[in-house]
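K.L.:
Take the sequence shown: its letters are residues -22 to -1, 1 to 229, numbered as in mature numbering (1 follows the signal peptide of the UniProt record, and there is no 0). Take this structure first; my questions come after.
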Amino acid sequence: MKLIKYLFVGLVLSLAACMGSASDKAKNAVEEEKTSSLTINFDDESQGFSEKEKELISARAGKVEQELRELLSELPQKVELHFVKVDRDLRVVGGISGRAENPERIVIEISAIYPNGTIAAINKSLAGTLYHEFHHLNRGWTIEGNKFGPGIAIAVINEGLACIFSEEYTGDINEADIYPENVNEWALEILELSVNANYGHWMFDHPDGRQAIGYKTGRYIIHQALKNTGKSILELSEYSPDKIWELAKVK
C-alpha cells in the first residue's frame, strides 16, 4: 500500500510568493494526496477537515475509484477530486453533494452540520456520490467540456442514468430523488419544453413548489427503459438521450 502523504500546497505557495510569484491560490489552504490516477484535494479555506476525516475520505475515494475503473471504460486517465466542507443543510442528499466540473475534475461538498457529524455523512453518502459523478465523467456530462447539447430532456436522462447507476452499485438512494405516483405527467411536461427552458427551475427548484423535477423524472425514465428492454444500467448508458426516451415509451 502506498503511504498516504499530504502535501501542504499552501506552504509551497507562500514560499513562492516570497520569491515574487504569488498566486491567488495561496489564499486557500489546500492539502493534496496523489496516486498515479487520482488526486485528492482538501480545501480548508473556510472549515477544515480533521485528519481522521481526510484519512477516511482518502481511503474511501481510492477504493471507489478502483472499483469504477473496472466498470467504466471511458474515464480519463487522471481524475482530480476536490473536497470542500460547507455550512449548508444537505440532509436530502445524505450530507454530500457533487458536481463534475470538467472531464477530469469533480468537486464534492460535505456538510459540516449533518446530523451526527461529517463522518456520518462520509460513511453514508460518499461512495454513492462518487459513483454518480464518475458516471458523468464517463458519459461526458460535465459543466465544462460537455459532450451534449442543451435541453432539460437531455439533462433528465443523464442525471437519471447516474442516479440509477449509483443506486444499483452502492444501494444509496437519495430522498430528494424519489419520484411521486404522477411522475409520468412530469415526463410529458418535460417533452413539451423548449430547448432553452430554465435549468434551475426544472432540475432543482420550480416556481410552483416542486423540487428536483428533472432528477426524479430521470430516475423514472431510466427505470421504465430498464424494465422495457431488460438491459443493464451499463448497457443503457451507451444509448443517446433520445433513444432512452424512446425505450421508456412515455405516453
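By construction, the Cβ of each residue, glycine as well, lies at the ideal position given by its N, Cα and C atoms. All values derive from a computational prediction rather than experimental measurement.
Tell me which same chain residues have a C-beta within less than 7 Å of the C-beta of residue 90, skipping the five on either side of it?
P.N.:
Stepping through the sequence shown from its first residue, residue 90 is reached at position 112. These residues qualify, in order along the chain: 25, 63, 64, 65 and 96.
K.L.:
Less than 8 Å between the C-beta atoms of residue 192 and residue 121, yes or no?
P.N.:
Counted from its first residue, the sequence shown places residue 192 at position 214. Counted from its first residue, the sequence shown places residue 121 at position 143. In this structure, residue 121 does not lie closer than 8 Å to residue 192 by Cβ.
K.L.:
Can you tell me whether DSSP reads residue 20 as helix, strand or coil?
P.N.:
Start at 1 with the first residue of the sequence shown, and residue 20 comes out as number 42. Of the three classes helix, strand and coil, the one that applies to residue 20 here is strand, per DSSP.
K.L.:
Suppose contacts are defined by Cβ-Cβ distances below 8 Å. Is residue 79 in contact with residue 70 by that definition?
P.N.:
Here the question's residue 79 lines up with position 101 in the sequence shown. Here the question's residue 70 lines up with position 92 in the sequence shown. No. Outside cutoff.
K.L.:
Based on the DSSP secondary-structure assignment, which residues constitute the bridge partners of residue 80?
P.N.:
Working through the sequence shown from its first residue, we reach residue 80 at position 102. According to DSSP, which records beta bridges pairwise, residue 80 is partnered with 83.
K.L.:
Would you mind working out which of 94, 59 and 93 sits nearest residue 77, comparing C-alpha positions?
P.N.:
For the purposes of this step, residue 77 is identified with residue 99 of the sequence shown, where counting begins at 1. Looking at the Cα atoms, 59 is the closest of the given residues.
K.L.:
Check whether the Cβ atoms of residue 179 and residue 139 lie closer than 8 Å to each other.
P.N.:
What you label residue 179 is simply residue 201 of the sequence shown in a count that begins at 1. What you label residue 139 is simply residue 161 of the sequence shown in a count that begins at 1. Against a cut-off of 8 Å, the Cβ pair of residue 139 and residue 179 comes out as no contact.
K.L.:
Within 10 angstroms of the Cβ of residue -8, are there 16 or more other Cβ atoms? Answer buried if so, exposed if not.
P.N.:
Locating residue -8 in the sequence shown gives position 15, counting from the first residue. Confidence is the limiting factor: at residue -8 the pLDDT is only 30, short of 50, which leaves the residue's position unreliable and the question unanswerable from this model.
K.L.:
Nearest-angstrom Cα distance between residue 225 and residue 173?
P.N.:
As a working note, residue 225 is residue 247 in the sequence shown. As a working note, residue 173 is residue 195 in the sequence shown. Going from the Cα of residue 225 to the Cα of residue 173 covers about 21 Å.
K.L.:
Let me check one thing: in DSSP terms, what residues is residue 57 bridge-paired to?
P.N.:
Position 79 of the sequence shown holds residue 57. Partner(s): 16.
K.L.:
Just reading off the alpha helix (DSSP H) that residue 219 is part of, what are its end residues?
P.N.:
Here residue 219 refers to the residue found at position 241 of the sequence shown. Its alpha helix (DSSP H) spans residues 219 to 226.
K.L.:
Would the beta-carbon of residue 16 fall within 8 Å of that of residue 48?
P.N.:
Residue 16 sits at position 38 when you count from the first residue of the sequence shown. Residue 48 sits at position 70 when you count from the first residue of the sequence shown. For residue 16 and residue 48, no; Cβs fall outside 8 Å.
K.L.:
Residues in its own chain within less than 7 Å of residue 256 by CB, not counting five upstream and five downstream?
P.N.:
Outside the shown range of the chain (-22 to 229) lies residue 256, about which nothing can therefore be said.
K.L.:
By Cβ distance below 6 Å, which residues in the same chain neighbour residue 5 in space, the five residues on each side in sequence not counted?
P.N.:
To locate residue 5, count along the sequence shown from 1; it is residue 27. A caution first: residue 5 carries a pLDDT of 40, below 50, which makes its placement in the model unreliable, though a value can still be read off. No residues qualify anywhere along the chain.
K.L.:
Give me the DSSP bridge partner(s) of residue 183.
P.N.:
Here the question's residue 183 lines up with position 205 in the sequence shown. BP columns for residue 183 point to 189.
K.L.:
With a threshold of 16 other CB atoms inside 10 Å of the CB of residue 37, please say whether the residue is buried or exposed.
P.N.:
Translated into the one-based positions of the sequence shown, residue 37 becomes position 59. Exposed is the call here.
K.L.:
Which residue or residues does DSSP assign as beta-bridge partners of residue 75?
P.N.:
For the purposes of this step, residue 75 is identified with residue 97 of the sequence shown, where counting begins at 1. For residue 75, which the question treats as bridged, DSSP gives the partners 87.
K.L.:
Just the C-alpha distance for residue 181 and residue 29, rounded to the nearest angstrom, thanks.
P.N.:
Walking along the sequence shown from the start, residue 181 turns up at place 203. Walking along the sequence shown from the start, residue 29 turns up at place 51. If I take the Cα positions, the gap works out to 35 Å.
K.L.:
Opposite residue 194 in the DSSP bridges: which residues?
P.N.:
Indexing the sequence shown from 1 puts residue 194 at position 216. Note: residue 194 sits in no beta bridge, so no partner.
K.L.:
Report the option in 217, 102, 12 and 229 whose CA atom is closest to the CA atom of residue 116.
P.N.:
In the sequence shown, residue 116 corresponds to position 138, counting from 1. The shortest C-alpha separation from residue 116 is found at 217.
K.L.:
Going by C-alpha to C-alpha distance, which of 186, 45, 92 and 135 sits closest to residue 199?
P.N.:
Taking the first residue of the sequence shown as 1, we reach residue 199 at position 221. Among 186, 45, 92 and 135, the Cα nearest to that of residue 199 is on 135.
K.L.:
Quick one: what's got a C-beta closer than 6 Å to residue -16's C-beta in the same chain, skipping five residues either side?
P.N.:
The residue you call residue -16 lines up with position 7 of the sequence shown. Per-residue confidence for residue -16 stands at a pLDDT of 27, beneath the threshold of 50, marking its modelled position as unreliable; the derived number appears in the next sentence. If we look at residue -16 and ignore the five residues flanking it on each side, its Cβ neighbours are 10.
K.L.:
Going by the DSSP bridge assignment, what does residue 11 pair with across the sheet?
P.N.:
For the purposes of this step, residue 11 is taken as the residue at position 33 of the sequence shown. Partner(s): 18.
K.L.:
Return the chain-ordered list of same chain residues with a C-beta closer than 6 Å to the C-beta of residue -21, the five sequence neighbours on each side being excluded.
P.N.:
Here residue -21 refers to the residue found at position 2 of the sequence shown. Reliability fails at residue -21, whose pLDDT of 29 lies under 50, so the model's placement of it is uncertain and the value that follows must be treated cautiously. Cβ neighbours of residue -21 beyond the five flanking positions: none.
K.L.:
Looking at residue 155 and residue 72, is the spacing between their C-beta atoms short of 8 Å?
P.N.:
Numbered from 1 along the sequence shown, position 94 holds the residue referred to as residue 72. Numbered from 1 along the sequence shown, position 177 holds the residue referred to as residue 155. Contact flag unset, no.
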